[in-house]
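Since the structure comes first, as C-alpha cells, the remarks are kept for the end.
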Amino acid sequence: MDESKSYQVNLNIFQGPLDLLLFLIKKEKIDINDIPIAIITKDYLEYLDKKEKINLERESEFLFMASLLIHIKSQMLLPRENISKEEADPRQVLVNQLLDYQKIKAACSILRKKEEERLHEWQRTTFPVSYISEDTEFSEVSIFDLAETFFILISKKGKENIKIIKGKDISLKEKTREMLGYLQKNSYMDFLDYFNNQKTIREALISFFCLLELIKTKAVIVTQKSLFHPIKVWLKKENNRWGLT
Amino acid sequence: MGPHLKNIIESLIFVSLESLSLKKIKSVLTEFTDKEIEEAIKELLESYSSNNRGIQIIHTGGGYLFSTKPENDLWIRRFLKIERKNRLSSAALEILSIVAYHQPITQAEISSLRGVDSTHSLKTLLHKKLIKITGRKKSPGNPLIYRTTKKFLTYFGLNNIEDLPSEEEVLKLVDTEIENR
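Line order of the protein sequences matches chains A and B.
In terms of my numbering, the first sequence opens at residue 112 and continues consecutively.
In terms of my numbering, the second sequence opens at residue 4 and continues consecutively.
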C-alpha cells in the first residue's frame, strides 16, 4: 500500500517516457542491460488501472513507451533467419538511449547543485543611478521656454482638422496623478512627446497646467541639454506629497 | 603596478554589470602592460579571498564579477523581500544540460534525446537568455541550432564551457547511481 502511494506521487515528476522507464527500472532494482519487458509492461498496465483521471498528453508518452517495449518483445519472439551481429539485440537500442539519458540526468544533478550554490550569491542587476544619469547634463529651462514649446504644439494641433464629439472631462487632479504615474514608470518624460500624445487640445492644456503646478510645488524638475534639444521632465525623488508610492 | 592599478581594476569590476573579462580590462588600461594587469588582478583576488568581507570577486563567465558571500543569503533575501529565488524547472534543466554537452544541437535532437517534446521549455530558456540560436544546420529543413550563452556560464558559476563537469565525472555519478540501486 505504502509502495503504491509513493508510486503515484513520484509520477508527478516525470517528464517523458524515458523517465518512466528509468523509474520502473529503479523500482524493480534491475540492471538496465537486462530489461524484463513483461514485468515492466505489467507494472505499467497496473499503473494505468489505478489512475482515475488520464492526462492525455502524458499518457500518450507512456503509451509510446509501452508500445515500444511490446514491439521489442515481439521482435525477440519472432524467429529470424540470419542473425547478424549488427542487429543482434533489439533491446540494445533502448539500452543505449537509456544510458544516454542517464548521463543527462547525472549532468542535471551536477548542474542543479551548482545552481543551488550560485543562488546564494547575489549580484547587482542594475547600477544604482540617480534620476539624472551621466550623459544628461542638463540646464534647467525657464517657464517661458516651456510655454513657447507648448504654444507651438498647440498651433500644430489646431491645424489638425479634428471634430470632437464629446470630450471626457478630466480634472486637474486626475491628470496630475496620471502624469506622476507616467514619470514613475518611465523615469523621465519627453515634454514634446507627451503633449503630442494628448488626445485633445483641452487635455493637453490641462496637462500643461498640471505640469506648471508640479514645477511650482517642486515635485518635478525640467531640464534641457542645450537650446533646441528635447525638454525633459524628471520626478524629484523624495517628493511624495501626491500620495503616490 | 602597485596598489594604484589594483584599485582601478577593482573599480572597473564594480561598475561592470556583467562579468568583466581580462581582455576588456586590458583594452581599457592601455597605460599598463599585460603582465602588470595580470599581477594586479592576482593581488586583488588574493586580498579579497583573505579579507573577511561581505562581498567577493568571483571568476565566472570568462571574467570577474562582484557578488555577495553565500552565507549572507538569508539577510539579503530578507532585505530585498524575496522569499526564494526561482530555480529552473527540471525540464528546463534537462534541456540545458543537453544543449551544454551536445552543442550545437537542434530542437529535434534535443527532443529525441529526452524522448519528449521540448518546444515549450526551449522557448523559456531562450527568453531567459540561457541559450541562443546561432544559425541553421545544413541538413534537410535547415533546422535552427542552439548553443549556451555567457549568461548560462554565469548562472552556474562556470568560467567557460570546459568548466562543465567532464564526461568521466558524469559517468562516475551514473555508475554510483546504478550501484546504489
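For each residue, glycine too, the CB sits at the ideal point set by N, CA and C.
Owing to the predicted nature of the structure, the values given are computational and were not obtained by experimental measurement.
Asked                                                                                                                         : Found
Which of helix, strand or coil DSSP assigns to residue 301 of chain A                                                         : strand
Neighbourhood of residue 22 of chain B by C-beta, 7 Å cutoff - its chain only, sequence neighbours within 5 removed           : 63, 64, 65, 66, 67, 68 and 157
Residues that residue 70 of chain B contacts on chain A, provided the C-beta gap is smaller than 7 Å                          : 232, 233 and 234
Within-9 Å CB hit, residue 176 of chain A to chain B                                                                          : yes
Cβ-Cβ distance between residue 147 of chain B and residue 140 of chain B below 9 Å                                            : yes
Rounded straight-line distance, which links the Cα of residue 213 of chain A to that of residue 173 of chain B                : 9 Å
Residue 104 of chain B versus A:333, A:284, A:218 and A:311, residue with shortest Cα-Cα distance                             : A:218
For residue 69 of chain B, the three-state DSSP class (helix, strand or coil)                                                 : strand
Where residue 233 of chain A falls: helix, strand or coil (DSSP)                                                              : coil
Proximity test, Cβ basis, 9 Å: residue 59 of chain B and chain A                                                              : yes
According to DSSP, residues forming a beta bridge with residue 139 of chain B                                                 : B:147
Under 9 Å between C-beta atoms of residue 159 of chain B and residue 225 of chain A                                           : yes
CB contact flag (residue 51 of chain B, residue 40 of chain B, <9 Å)                                                          : no
Chain A residues whose Cβ lies nearer than 8 Å to that of residue 159 of chain B                                              : 222, 225, 226 and 229
Per-residue DSSP class, three states only, for residue 248 of chain A                                                         : For residue 248 of chain A, the predicted model reports a pLDDT of 48, less than 50, meaning its position is unreliable; a value from the coordinates is still stated below. Coil at residue 248 of chain A, not helix or strand.
Length of the line joining the Cα atoms of residue 126 of chain B and residue 185 of chain A                                  : 39 Å
Host alpha helix (DSSP H) of residue 102 of chain B (start-end)                                                               : 93 to 105
Rounded C-alpha distance that separates residue 88 of chain B from residue 16 of chain B                                      : 24 Å
Contact set for residue 48 of chain B: own chain, Cβ-Cβ below 7 Å, skip 5 residues either direction                           : 60
Interface partners of residue 211 of chain A on chain B, CB under 9 Å                                                         : 116
Under 8 Å from the C-beta of residue 215 of chain A: neighbouring residues of chain B                                         : 97, 100, 101, 104, 116 and 117
Burial state of residue 82 of chain B (16 or more Cβ within 10 Å)                                                             : exposed
Residue 36 of chain B classed as buried or exposed, judged by whether at least 16 other C-beta atoms fall within 10 angstroms : exposed
Residues that residue 76 of chain B contacts on chain A, provided the C-beta gap is smaller than 7 Å                          : 231
Short Cβ contact (9 Å threshold) for residue 346 of chain A with residue 309 of chain A                                       : no
Interface flag, residue 203 of chain A vs chain B, CB-CB below 9 Å                                                            : no
Proximity test, Cβ basis, 9 Å: residue 174 of chain B and chain A                                                             : yes
Where the alpha helix (DSSP H) through residue 311 of chain A begins and ends                                                 : Residue 311 of chain A -> no alpha helix (DSSP H), and no H or E assigned at all.
Buried or exposed by the 16-neighbour rule on C-beta atoms within 10 Å, applied to residue 240 of chain A                     : In this prediction, residue 240 of chain A scores a pLDDT of 44, lower than 50, which makes its location untrustworthy; the coordinate-derived value is nonetheless stated afterwards. With fewer than 16 other Cβ atoms within 10 Å, it is exposed.
Outcome for residue 121 of chain A when other beta-carbon atoms lying within 10 angstroms are tallied against a minimum of 16 : Confidence in residue 121 of chain A is poor, its pLDDT being 41 and thus under 50, which makes the residue's placement too unreliable to answer from.
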